[in-house]
Ligand SMILES: [Zn+2]
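Residue numbers (the working numbering): 1307 to 1521.
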């Protein structure tokens, strides 16, 4: 009974901080992008707005949510570089909401810092089936071993791709060549370059991110 659907536990509900913010999963929808005011009215969603995180050197390194960014600021780990035109109110204070924060101490970012996970593979492949090149919600995608495991294919960045169930079924236990399928592009590890592209995608609505990302 619905065995396939068990694979989809982490649909959009689990999207939290990190580079995968709402813009990638498209939960704002095209209607939202027309809104002249990028700050949603409800406080709950404001706390989930994406915040660009810069290293001490101003290099963009991550995207987090307003809530987490404000915790980093309160702890003295980061300071705000750009602000939203919005405030959140606690019992005693009104707090300005950051749009870009910068870490006060330099953090070394390992070249290959992203965990190999279903979430990150879907993120790298932008929720696009790598065979039919159509975009799907996370719940309708699975991971495909390009070289099947039964042929010694490994679970690695280079051998795992996002794949819709239909393509996955038609490929079966074969290589793409054998199944007459073609990969949209060669799968690569999730690099800082990939991350930066995603940051641009997420940040394109927010002018305040531009000077840190478009150089
Ligand atoms: Zn497909």
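The beta-carbon is built from N, C-alpha and C at its ideal position, and this holds for glycine as well.
Proximity winner among the options, relative to residue i (alpha-carbon distances)
i            : options                   : result
residue 1387 : 1452, 1381, 1362 and 1475 : 1362
residue 1439 : 1429, 1464, 1489 and 1513 : 1489
residue 1454 : 1510, 1513, 1406 and 1481 : 1481
residue 1478 : 1494, 1452 and 1423       : 1452
Cut-off 7 Å between Cβ atoms - residues of its own chain near residue i, not counting five sequence neighbours on either side
i            : result
residue 1505 : 1325, 1358, 1366, 1369 and 1519
residue 1496 : 1420, 1426, 1430 and 1463
Proximal residues to residue i (C-beta, below 6 Å), its chain only, five neighbours per side dropped
i            : result
residue 1432 : none
residue 1441 : 1433 and 1434
residue 1493 : 1464 and 1467
residue 1456 : 1479
Distance between residue j and residue i (C-alpha atoms, nearest Å)
i            : j            : result
residue 1400 : residue 1393 : 6 Å
residue 1483 : residue 1462 : 19 Å
residue 1389 : residue 1379 : 13 Å
residue 1476 : residue 1469 : 11 Å
residue 1450 : residue 1500 : 20 Å
residue 1360 : residue 1487 : 40 Å
residue 1413 : residue 1364 : 11 Å
residue 1375 : residue 1397 : 19 Å
residue 1415 : residue 1408 : 14 Å
residue 1458 : residue 1471 : 22 Å
residue 1491 : residue 1465 : 12 Å
residue 1485 : residue 1354 : 42 Å
residue 1514 : residue 1405 : 7 Å
residue 1436 : residue 1517 : 32 Å
Other residues of its chain near residue i: CB distance less than 8 Å, five sequence neighbours each side excluded
i            : result
residue 1410 : 1362, 1382, 1383, 1384 and 1385
residue 1422 : 1461, 1462, 1463 and 1466
residue 1273 : Lying before the first or after the last residue shown, residue 1273 is absent from the chain, which here runs from 1307 to 1521.
residue 1377 : none
Within 8 Å, strictly: CB atoms of residue i and residue j
i            : j            : result
residue 1474 : residue 1448 : yes
residue 1583 : residue 1445 : Nothing about residue 1583 can be reported from this structure: the residues present for the chain run from 1307 to 1521 only.
Beta-ladder partner(s) of residue i, from DSSP
i            : result
residue 1388 : 1406
residue 1468 : 1449
residue 1363 : Bridge partners of residue 1363: none, in fact.
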